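Participant:
Residue numbers (UniProt numbering), protein chains in the order written: chain A, 1 to 415; chain B, 1 to 415.
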């Protein structure tokens with residue numbers, strides 16, 4: 001039996017116990033996990049040093065090395081993240097609907113864990129802990145398959161967490177790490193119907209597309225974000241500039257940052273030059289349509305390929321449009337249905353945009369950077385769904401549950 | 001451009017209009033559809049006669065021919081089904097969550113249509129109308145791919161419905177029928193990411209498995225039902241017999257009927273013989289474990305293959321077990337997480353069963369035949385989901401919607 005099948009079966013065997021744990025038992029297990037991470041931070045940092053040394057030898061980029069790197073502060077932050085999940089309400093057991101039918105049946109729809117959740121991700125060891133804590137809090141078993149660049153860290157951390165669970169009511173086998181770093185372990189997970197209930201990919205576009213295109217297990221697609229901000233004719237110039245610079249440059253590497261700014265021609269002729277200056281002051285490289293280049297001077301031409309690219313970087317496409325409809329058409333063509341914003345003082349235009357643009361989150365006069373479980377008030381986030389089934393947008397704890405109908409009768413038969 | 005791509009693109013182009021239709025506009029369109037079916041029932045019956053003649057020439061079974069057959073009464077029933085959908089509340093636009101964040105953002109989560117729904121089904125022309133009406137009521141465009149055995153009927157009916165829509169606010173292109181009856185049209189639909197938002201397969205196990213195994217478009221899996229009834233030691237003999245016979249024989253061809261009866265040994269020695277007689281009186285062929293055969297006499301041996309088979313027929317496996325745990329283990333091994341029942345007077349056993357069995361619907365002292373959108377009070381049903389994401393169990397109108405977050409600000413940027 002392969003590692004993937006053996007560990008997923010072991011995880012699945014714990015689901016009956018997990019589904020019955022009380023909130024107090026789950027929270028106690030999570031607190032023990034957090035304490036164990038803090039207690040063993042020297043060991044974690046030593047394991048992490050192996051990943052960093054191997055990365056340097058392999059020529060890994062400094063940016064990626066920084067994402068892999070763990071420090072005492074970062075470990076404390078990760079442990080604190082677990083404690084924040086402890087403080088959140090437990091959705092499992094919640095009664096979503098209930099009532100008597102005319103024939104006397106009592107039907108109740110209750111939240112239950114999904115079962116076994118597979119997480120396929122890249123090189124951030126914090127995802128290992130974060131995903132584990134979110135899944136376990138919701139009574140799910142979890143099978144983690146992280147990137148090879150953080151394997152030593154992940155292996156050490158998961159050993160610490162599993163050891164911690166032996167001091168709790170939660171079975172240690174509910175938490176599994178796939179150590180086979182070859183592509184075949186991912187391929188195997190994608191086809192494990194009947195053992196894995198869902199796979200959530202977290203990472204770059206190619207990782208996510210590989211999962212979506214090849215999985216037969218149900219997938220929750222996350223993260224692809226080609227987000228737009230449309231600055232309408234009547235937009236307040238100061239607000240538009242602040243929102244646009246924030247959406248692009250406050251943290252360009254994340255999925256809710258803006259990739260393309262659409263500007264109404266009437267606004268552009270008056271204010272685009274100063275908006276471009278503000279972008280340049282924030283280190284943003286600009287690419288523009290013909291009109292944009294006339295108005296702002298020095299910049300590269302934005303091609304259709306650029307409009308279809310999620311830069312995740314200090315690069316911005318700018319396109320001048322003649323109308324709200326042209327802006328909506330552009331978004332329909334190039335958007336990934338993640339987060340889209342209109343800046344306008346025209347209430348009718350705002351409503352048209354909010355209604356007609358098909359995206360997980362549509363904004364009027366605020367930065368797309370707010371699409372986030374914490375900012376939406378969910379207290380935690382396992383990802384941002386860009387699909388329309390099961391869950392759309394920021395995914396808090398309820399997104400990690402399914403439902404079960406409980407039907408109580410006294411002998412009812414169907415006629 | 002293939003028929004599938006051309007028609008799906010035409011459907012997708014209507015989604016912006018569909019999403020903005022009022023409930024009154026959608027209901028008016030549905031009423032016009034119902035009236036048009038009634039007005040043209042001679043034409044429908046003539047088209048249906050072509051399918052029936054072709055079927056008889058091809059040696060189609062009488063049972064299948066009966067499913068394909070349309071009569072004035074059946075057409076009236078189909079039209080009445082549309083009117084019942086008109087009477088149901090429209091879930092689109094419902095506000096599921098809303099509130100202000102500390103930074104002043106107002107965030108609202110509203111139900112919206114899913115977009116373009118693909119339905120892949122077999123030979124019942126009533127599904128054509130039913131699926132169309134459910135999808136259009138929820139503001140979705142729909143691409144239907146029915147079985148070739150009912151192609152003449154489906155083509156005629158869809159023409160009638162599309163013609164009817166030209167007299168309404170709903171664009172006729174929202175309703176599409178794929179007439180290419182080859183397997184390649186199904187294969188093409190399964191990969192139409194970006195054009196189709198979800199595929200719902202309706203039909204037998206092989207149709208559903210083909211969709212699940214090969215689709216890259218998100219799928220809502222429906223229908224596979226190996227359902228069990230466990231008769232516990234303390235069950236009331238009369239109730240247990242009535243529930244078991246109903247679950248098996250009231251309509252064996254559907255997914256919520258029982259395939260295997262599990263009986264506690266203490267109940268079996270006293271009552272299994274008479275329960276078996278009641279089954280035989282209902283024309284049910286019995287297959288049993290060794291103990292069963294000793295207790296009830298004449299019957300075939302039930303193999304593991306039998307326990308893993310959805311008969312959809314007047315055939316029942318019977319297995320005697322020594323405990324509740326053994327019954328739950330059997331269900332875990334052979335069940336399809338559809339509908340599972342315990343008949344018992346022991347409240348602790350009932351609660352254990354309801355908690356530990358992982359299924360869309362778990363029953364205490366009632367027939368599994370109640371797992372159904374109408375019986376659950378949803379007024380309509382597009383299928384019964386046997387998966388755990390998006391929707392589980394009977395799928396009413398809300399199951400055909402997604403959500404959109406609407407965020408209203410006054411210049412908020414993220415810090």
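All residues carry an ideal CB built from backbone N, CA and C; glycine is no exception.
Predicted model only: the values in this text are computed from it and were never measured.
Please return the same chain residues whose Cβ sits closer than 6 Å to the Cβ of residue 124(A), not counting the five positions on each side in sequence.
Facilitator: Indexing the first chain from 1 puts residue 124(A) at position 124. The residues are 67.
Participant: Below 8 Å on the Cβ atoms is my contact criterion, and I expect residue 316(A) with residue 284(A) to pass it. Report the Cβ-Cβ distance as a whole number of Å.
Facilitator: Residue mapping note: residue 316(A) aligns to position 316 of the first chain, counting from 1. Residue mapping note: residue 284(A) aligns to position 284 of the first chain, counting from 1. Confirmed, Cβ separation roughly 5 Å.
Participant: Check the Cβ-Cβ distances between residue 259(A) and every residue of chain B, and say whether any is below 9 Å.
Facilitator: By 1-based counting over the first chain, the position of residue 259(A) is 259. By this cut-off, residue 259(A) is not an interface position.
Participant: Run through DSSP, which three-state label would residue 135(A) get?
Facilitator: As a first step, residue 135(A) is located in the first chain; it is residue number 135 there, counting from the start. Reduced to three states, the DSSP call for residue 135(A) is helix.
Participant: Does the structure place the segment 62–78 of chain B close enough to the segment 88–103 of chain B that three or more beta carbon pairs sit under 8 Å?
Facilitator: Verdict: no, contact absent.
Participant: In chain order, what residues of the segment 192–216 of chain B put their CB closer than 9 Å to some CB of chain A?
Facilitator: The residues in question are 193, 197, 198, 212, 213, 214, 215, 216.
Participant: If we call anything under 9 Å between Cβ atoms a contact, is residue 366(B) one with residue 340(B)?
Facilitator: Here residue 366(B) is taken as the residue at index 366 of the second chain, counted from 1. Here residue 340(B) is taken as the residue at index 340 of the second chain, counted from 1. Contact flag unset, no.
Participant: Run through DSSP, which three-state label would residue 1(B) get?
Facilitator: Looking up residue 1(B) in the second chain gives position 1. Reduced to three states, the DSSP call for residue 1(B) is coil.
Participant: Please identify the residue among 53(B), 267(B), 231(B), 393(B) whose C-alpha is closest to the C-alpha of residue 111(A).
Facilitator: Against the first chain, residue 111(A) aligns to sequence position 111. Taking only the C-alpha atoms, the option nearest residue 111(A) is 393(B).
Participant: So what's residue 409(A) in DSSP terms, helix, strand or just coil?
Facilitator: Here residue 409(A) is taken as the residue at index 409 of the first chain, counted from 1. Residue 409(A) falls in the strand class under three-state DSSP.
Participant: Since residue 106(A) sits in a beta bridge, which residues does DSSP pair it with?
Facilitator: By 1-based counting over the first chain, the position of residue 106(A) is 106. Looking at the DSSP assignment, residue 106(A) forms a beta bridge with 100(A), 408(A).
Participant: Using a Cβ-Cβ distance cut-off of 9 Å, determine whether residue 428(B) contacts chain A.
Facilitator: Because residue 428(B) is not part of the residues shown, which for chain B are 1 to 415, the question remains open.
Participant: With a threshold of 9 Å between beta carbons, is residue 405(B) in contact with chain A?
Facilitator: For the purposes of this step, residue 405(B) is identified with residue 405 of the second chain, where counting begins at 1. Residue 405(B) counts as touching chain A.
Participant: Can you list, in chain order, the residues of its chain with a C-beta nearer than 6 Å to that of residue 218(B)? Leave out the 5 residues immediately preceding and following it.
Facilitator: As a first step, residue 218(B) must be located in the second chain, where it is residue number 218. These residues qualify, in order along the chain: 198.
Participant: By a C-beta neighbour count over all protein chains shown, 10 Å radius and 16 as the cutoff for buried, is residue 46(A) buried or exposed?
Facilitator: Counting from one through the first chain, the residue named residue 46(A) turns up at place 46. Result: exposed.
Participant: Keeping to the same chain, check which residues put their C-beta closer than 6 Å to that of residue 214(A); ignore five residues upstream and five downstream.
Facilitator: One-based indexing of the first chain puts residue 214(A) at position 214. Around residue 214(A): 190.
Participant: Spell out whether any CB of chain B is found under 9 Å from the CB atom of residue 375(A).
Facilitator: As a first step, residue 375(A) is located in the first chain; it is residue number 375 there, counting from the start. Residue 375(A) counts as touching chain B.
Participant: Residue 96(B): beta carbon under 8 Å from a heavy atom of the ligand FAD?
Facilitator: In terms of ligand content, the structure shown is empty, and the ligand FAD therefore cannot be addressed.
Participant: Measuring only the C-alpha atoms, how far is residue 207(A) from residue 411(A)?
Facilitator: Taking the first residue of the first chain as position 1, residue 207(A) is located at position 207. Taking the first residue of the first chain as position 1, residue 411(A) is located at position 411. Looking at the two C-alpha atoms, the distance is approximately 51 Å.
Participant: Have a look at 337(A), 297(A), 344(A) and flag the residue whose alpha-carbon is nearest the alpha-carbon of residue 258(A).
Facilitator: Counted from its first residue, the first chain places residue 258(A) at position 258. Residue 258(A) has its Cα closest to that of 337(A), out of 337(A), 297(A), 344(A).
Participant: At 7 Å on the CB atoms, spell out the chain A contacts of residue 338(B), in chain order.
Facilitator: Taking the first residue of the second chain as position 1, residue 338(B) is located at position 338. Within 7 Å Cβ-Cβ: nothing; residue 338(B) doesn't reach chain A, min ~11 Å.
Participant: Short of 7 Å Cβ to Cβ, which residues in the segment 67–95 of chain B face chain A?
Facilitator: Answer in chain order: no residues at all.
Participant: State yes or no: is the C-beta of residue 169(A) within less than 9 Å of the C-beta of residue 79(A)?
Facilitator: Working through the first chain from its first residue, we reach residue 169(A) at position 169. Working through the first chain from its first residue, we reach residue 79(A) at position 79. No.
Participant: How many Å lie between residue 243(A) and residue 413(B) at the Cα?
Facilitator: Translated into the one-based positions of the first chain, residue 243(A) becomes position 243. Translated into the one-based positions of the second chain, residue 413(B) becomes position 413. Between residue 243(A) and residue 413(B), the C-alpha separation is close to 6 Å.
Participant: Cutting at 6 Å between CB atoms, please list the residues of its own chain near residue 106(A), excluding the five before and the five after it.
Facilitator: Residue mapping note: residue 106(A) aligns to position 106 of the first chain, counting from 1. Within the same chain, residue 106(A) has close Cβ partners 100, 408.
Participant: Mind checking which residues open and close the alpha helix (DSSP H) that includes residue 207(A)?
Facilitator: In the first chain, counting from the first residue as 1, residue 207(A) sits at position 207. Start and end: 205–214.
Participant: From residue 202(B) to residue 382(B), what distance separates their C-alpha atoms?
Facilitator: Indexing the second chain from 1 puts residue 202(B) at position 202. Indexing the second chain from 1 puts residue 382(B) at position 382. Taking the straight line from one Cα to the other gives about 9 Å.
Participant: Is residue 38(B) helix, strand or coil by DSSP?
Facilitator: Within the second chain, numbered from 1, the residue matching residue 38(B) stands at position 38. Looking at residue 38(B) - three-state DSSP - the assignment turns out to be helix.
Participant: Tell me where the alpha helix (DSSP H) around residue 272(A) begins and ends.
Facilitator: Working through the first chain from its first residue, we reach residue 272(A) at position 272. First-last of the alpha helix (DSSP H) with residue 272(A): 265–281.
Participant: Mind checking residue 375(B): buried by the 16 CB within 10 Å criterion, or exposed?
Facilitator: To locate residue 375(B), count along the second chain from 1; it is residue 375. It is buried - the Cβ of residue 375(B) has at least 16 other Cβ atoms within 10 Å.
Participant: For residue 354(A), count the other beta carbons within 10 Å of its own beta carbon; 16 or more makes it buried, fewer makes it exposed. Which is it?
Facilitator: As a working note, residue 354(A) is residue 354 in the first chain. With 16 or more other Cβ atoms within 10 Å, it is buried.
Participant: Using the Cα positions of residue 223(A) and residue 91(A), report the straight-line distance between them to the nearest angstrom.
Facilitator: Taking the first chain and counting its residues from 1, the one referred to as residue 223(A) is at position 223. Taking the first chain and counting its residues from 1, the one referred to as residue 91(A) is at position 91. Their Cα atoms are separated by approximately 24 Å.
Participant: Starting from the Cα of residue 260(A), find the closest Cα among 165(A), 133(A), 183(A), 302(A) and give me that residue.
Facilitator: Translated into the one-based positions of the first chain, residue 260(A) becomes position 260. Selected option, being the one with the closest Cα: 302(A).
Participant: If contacts are defined as beta-carbon pairs under 8 Å, then residue 322(B) and residue 265(B) qualify, I think. What distance do you get, rounded to the angstrom?
Facilitator: Numbered from 1 along the second chain, position 322 holds the residue referred to as residue 322(B). Numbered from 1 along the second chain, position 265 holds the residue referred to as residue 265(B). Indeed, because the Cβ distance is near 5 Å, the residues count as touching under 8 Å.
Participant: Quick check on the DSSP output: what are the complete beta strand (DSSP E) runs of length 3 or more inside the segment 164–203 of chain A, in order along the chain?
Facilitator: The segment 164–203 of chain A contains these whole beta strand (DSSP E) runs: 175–177, 198–202.
Participant: Am I right that residue 144(A) and residue 177(A) are in contact with their C-beta atoms under 8 Å? What's the rounded C-beta distance?
Facilitator: Walking along the first chain from the start, residue 144(A) turns up at place 144. Walking along the first chain from the start, residue 177(A) turns up at place 177. With a Cβ gap of about 5 Å, residue 144(A) and residue 177(A) count as contacting.
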